[in-house]
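*Asks:*
Numbering (our numbering), first residue to last: 100 to 848.
(1) Taking the alpha-carbon positions, what's the residue 384 to residue 678 distance?
(2) Please confirm whether residue 299 and residue 313 have their CB atoms less than 9 Å apart.
(3) Considering only residues of the region 717–750, which uninterrupted beta strand (DSSP E) runs meet the minimum length of 3 residues and lie entirely inside it, listed in chain order?
(4) Pick helix, strand or coil for residue 514, following the three-state DSSP scheme.
(5) Quick one: give me the first and last residue of the alpha helix (DSSP H) that residue 201 is part of.
(6) Assuming residue 731 and residue 707 are in contact, meaning their beta carbons sit under 8 Å apart, how far apart are those beta carbons, in whole angstroms?
(7) Taking the continuous beta strand (DSSP E) assigned at residue 186, which residues delimit it?
(8) Using the Cβ count rule (16 or more neighbours within 10 Å means buried), how would you classify residue 796?
(9) Just the Cα atoms here: how many angstroms apart are residue 657 and residue 651?
(10) Grouping DSSP H, G and I as helix and E and B as strand, with all else coil, what is residue 362?
(11) Who are the Cβ neighbours of residue 446 in its own chain at under 7 Å, not counting the five residues just before and after it?
(12) In whole angstroms, what separates the C-alpha of residue 709 from that of residue 689?
(13) What distance in whole Å lies between the Cβ atoms of residue 377 and residue 261, which are believed to be in contact at a cut-off of 8 Å?
(14) Using 8 Å as the cut-off, can you tell me whether the region 433–452 makes contact with the region 404–416, which would need three or more C-beta pairs spanning the two stretches below that distance?
(15) Which residue comes first and which comes last in the beta strand (DSSP E) that contains residue 837?
(16) At what residues does the alpha helix (DSSP H) containing residue 578 begin and finish?
(17) Quick check: is the beta carbon of residue 133 nearer than 9 Å to any beta carbon in chain D?
(18) To the nearest whole angstrom, what separates the beta carbons of residue 340 and residue 366, a pair I think is in contact under 8 Å?
(19) By how many angstroms is the C-alpha of residue 766 removed from the C-alpha of residue 516?
(20) Would you give the residue range spanned by the beta strand (DSSP E) that residue 713 belongs to?
(21) Nearest to residue 167 by CA position, among 148, 581, 154 and 177, is which residue?
(22) Going by the DSSP bridge assignment, what does residue 332 pair with across the sheet?
(23) For residue 457 and residue 509, I'd like the C-alpha separation in whole angstroms.
(24) Which runs of the alpha helix (DSSP H), 4 residues or longer, sit entirely within the region 219–285?
(25) Report yes if the CB atom of residue 279 is closer than 9 Å to the CB atom of residue 361, and no otherwise.
(26) Under 9 Å, do residue 275 and residue 230 count as touching if we go by C-beta distance?
(27) Rounded to the nearest angstrom, how far is the Cβ of residue 252 from that of residue 281, given a contact under 8 Å?
(28) Please look up how many angstroms separate the CB atoms of residue 206 and residue 228, rounded, as I've assumed it's under 8 Å.
(29) Which same chain residues end up closer than 6 Å to residue 208 when comparing Cβ atoms and leaving out the 5 residues on each side of it in sequence?
(30) For residue 191, is the classification buried or exposed, using 16 other Cβ atoms within 10 angstroms of its Cβ as the cut-off for buried?
(31) Would residue 442 and residue 511 qualify as a contact pair, given that the criterion is a beta-carbon distance under 9 Å?
(32) Looking at the unbroken beta strand (DSSP E) that takes in residue 679, where does it start and where does it end?
(33) Report the three-state DSSP secondary structure of residue 294 (helix, strand or coil).
(34) Run through DSSP, which three-state label would residue 375 get?
(35) Considering only C-alpha positions, which residue in the set 496, 195 and 550 is nearest to residue 522?
(36) Quick check: the Cα distance between residue 559 and residue 401, rounded to an integer number of angstroms?
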């Protein structure tokens with residue numbers, strides 16, 4: 100079959116050239132359109148159930164919400180792991196499915212199980228499926244603040260909720276926009292117990308009246324009045340606080356009792372479970388801009404192009420800038436696109452340098468421009484064919500696929516150079532014959548002659564990478580694209596050597612007037628020591644084999660002792676700082692303590708910007724209490740100190756702040772650690788038990804042991820203390836006397 104392919108290519112030379120040009124054009128266009136990301140798609144099919152239960156204690160959240168949901172999800176089709184987190188007023192259940200399942204089908208399975216368990220949940224509790232988002236999809240964090248003190252946090256939050264979020268959510272590729280910080284505007288009805296008692300009004304009546312204060316509806320159609328029909332509408336939306344004040348609570352007696360008679364109605368801020376701030380060093384390097392801020396966390400959909408989505412979001416923000424309060428700044432506090440550009444740029448530079456080295460080495464060895472040109476055509480054609488295959492298979496350009504191409508770049512010319520050298524030699528020999536054969540026949544015969552060696556050598560190197568496709572789980576998702584890039588490019592170079600190379604050889608060598616072979620001086624210089632080494636090895640075989648065995652054994656010993664890690668450490672350009680206070684710390688106290696952390700960061704000359712998120716946002720799947728804060732820092736790349744020194748300076752500065760536990764890591768590394776272990780570190784140890792005091796003792800003992808292990812850094816014990824609670828225990832006898840139930844007391848509270 101391969102003989103026929105070579106024969107066809109030589110007979111249809113113009114067709115082969117046209118197809119090669121077409122592949123070059125389409126491949127170039129397609130390579131520009133391919134999505135670019137840091138890593139391949141590492142998203143395990145996962146569905147998140149998010150349940151808001153405002154004011155509910157963690158014990159009740161776990162018992163009444165989390166456990167029924169976990170029980171319902173365990174055993175569902177395709178489910179492999181179910182994890183959960185219960186906090187004050189929040190339950191998050193993570194349902195992880197097998198890698199080969201479809202995410203949309205998985206969401207349907209969860210929705211069916213959820214429907215069956217809703218009746219067993221407390222009244223008013225409604226679990227929601229979090230939007231389908233990429234695990235690595237936290238691509239952009241926007242900080243919104245205003246240095247003008249006249250612009251209130253409530254104005255900023257309102258602008259973020261109703262201007263920015265609404266528009267950004269509609270951008271293609273955006274899965275979710277989570278807004279945090281500022282103050283959410285709401286109407287508050289503050290009941291007065293004394294006035295309620297005097298007028299005989301209960302809290303349930305006030306609650307019911309407030310719920311009925313606004314409402315719109317329809318009364319159908321009127322079509323018998325005239326030739327035109329009329330739509331009947333009831334427009335009862337609440338326009339201001341006065342509409343709520345005038346709402347009737349009770350109409351018994353001579354006078355109607357309104358909400359204003361028994362309660363104060365005002366505009367206020369919703370109870371916060373989180374806070375945020377952002378700071379940016381000014382050009383003078385001495386002052387800072389920023390302070391309390393509103394943060395917008397943009398999450399992309401699975402498979403979306405991070406760079407393209409980021410550009411669309413930033414473009415939309417620029418267009419909406421005029422709609423925001425004057426002086427409002429919206430700046431990227433973190434952008435995954437920056438790391439992608441740096442990482443892919445570094446690998447691309449290495450790929451470019453490899454191509455340049457291949458060109459130089461080939462020319463130094465061959466010293467023939469025509470042969471060098473024919474050989475080098477295999478590189479762009481193979482790479483562009485690989486880009487076409489990537490586009491067809493939905494594979495992105497990332498560090499792993501580019502790494503596979505970088506490994507293969509030196510081998511892409513192997514098949515072509517074997518073919519063209521044999522063709523050149525046979526053509527030169529044919530010229531010396533008394534009756535030379537046609538050049539086309541010589542080129543065909545020379546290509547067929549080395550066909551077997553080309554195919555065998557290609558298949559052998561391809562087989563080396565085949566085991567990568569046997570990896571499952573995250574390892575397979577990470578390394579399979581590297582093997583895919585390598586194998587596809589190598590097979591593409593084989594195809595080029597069987598089609599394009601013979602055609603170019605016929606055109607450039609078959610019609611050449613002179614086919615002289617002259618060895619370059621560079622090659623002769625390399626041959627002399629090589630010949631000496633070969634001659635010595637042949638004369639002393641025992642010594643040769645002994646040295647080889649010793650080197651092999653030493654290499655095996657060193658390989659066993661090498662450090663092992665899932666991924667090498669990489670510099671993302673952004674530092675993530677986690678700060679924990681004792682559980683039970685109020686939001687106000689947490690903000691006050693974090694101001695000391697902010698001051699320490701501002702005093703560090705290497706920090707050029709940072710932002711803080713304390714607690715959690717509404718509808719955020721991160722079930723963090725207000726005692727937990729997360730910082731994202733951008734360090735000065737022009738600093739004279741190394742990155743390790745910069746991080747050590749940050750650790751030392753935080754060590755002087757009492758009462759906090761901190762750890763320094765990087766955002767993407769943090770997400771990868773969370774995917775691998777379910778905790779915010781590369782290694783997590785969980786101790787289970789019912790006695791919190793005993794658990795704390797065991798954790799302290801383990802921490803002392805782990806501290807002495809070489810290589811352990813940022814060892815952080817999660818603070819576990821009993822949160823202060825005001826507990827009300829209903830008296831069953833008195834409940835019976837008054838005709839009440841425990842549920843009545845709970846609802847009243």
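Ideal Cβ positions, reconstructed from N, Cα and C, are used throughout, including at glycine.
*Replies:* Judging by the given coordinates:
(1) About 26 Å.
(2) Here residue 299 is not near residue 313, since their CB atoms are 9 Å or more apart.
(3) The qualifying runs are 727–734.
(4) Note: residue 514 maps to helix in three-state DSSP.
(5) Looking at the DSSP string, residue 201 is not in any alpha helix (DSSP H), and its letter there is neither H nor E.
(6) About 12 Å separates the two Cβ atoms, so there is no contact after all.
(7) Under the DSSP assignment, residue 186 falls in the beta strand (DSSP E) whose first and last residues are 178–186.
(8) Exposure of residue 796 is indicated by the presence of fewer than 16 other C-beta atoms within 10 angstroms of its C-beta.
(9) When rounded, the distance between both Cα atoms is 10 Å.
(10) DSSP places residue 362 in strand when its eight states are reduced to three.
(11) Excluding sequence positions up to five before and after residue 446, its CB lies within less than 7 Å of the CB of 498, 501, 502 and 505, all in the same chain and listed in chain order.
(12) Computed Cα separation, rounded: 17 Å.
(13) Taking 8 Å as the upper bound for CB-CB distance, residue 261 and residue 377 are not in contact here, some 20 Å apart.
(14) Taking a cut-off of 8 Å on C-beta distances, the region 433–452 touches the region 404–416, as three or more cross pairs fall below it.
(15) Counting along the chain, residue 837 falls outside any beta strand (DSSP E), though it belongs to the alpha helix (DSSP H) covering 831–837.
(16) For residue 578, the enclosing alpha helix (DSSP H) has its first and last residue at 572–604.
(17) No chain D is present in this structure, which holds just one protein chain.
(18) A Cβ-Cβ separation of about 6 Å places residue 340 in contact with residue 366 under the 8 Å criterion.
(19) Using only the alpha carbons, I get a separation of about 45 Å.
(20) Here the beta strand (DSSP E) through residue 713 covers 706–714.
(21) Scanning 148, 581, 154 and 177 for the CA closest to the CA of residue 167 turns up 148.
(22) In the DSSP secondary-structure assignment, residue 332 is bridged to 317.
(23) Going by the C-alpha atoms only, they are around 6 Å apart.
(24) Contiguous alpha helix (DSSP H) elements confined to the region 219–285 occur at 252–258 and 264–267, taking only those with 4 or more residues.
(25) Using a Cβ distance threshold of 9 Å, residue 279 and residue 361 do not count as a contacting pair.
(26) Cβ atoms of residue 275 and residue 230: closer than 9 Å.
(27) Distance from residue 252 to residue 281 at the Cβ level is roughly 4 Å; contact confirmed, criterion being Cβ atoms closer than 8 Å.
(28) Indeed they touch by this definition, with Cβ atoms about 6 Å apart.
(29) Within the same chain, residue 208 has close Cβ partners 175 and 176.
(30) That one is buried.
(31) For residue 442 and residue 511, no; Cβs fall outside 9 Å.
(32) Residue 679: member of the beta strand (DSSP E) spanning 673–679, first to last residue.
(33) In the structure shown, residue 294 falls within a helical segment according to DSSP collapsed to helix, strand and coil.
(34) Strand at residue 375.
(35) Nearest of 496, 195 and 550 to residue 522, Cα basis: 550.
(36) In this structure, the alpha-carbon of residue 559 lies about 36 Å from that of residue 401.
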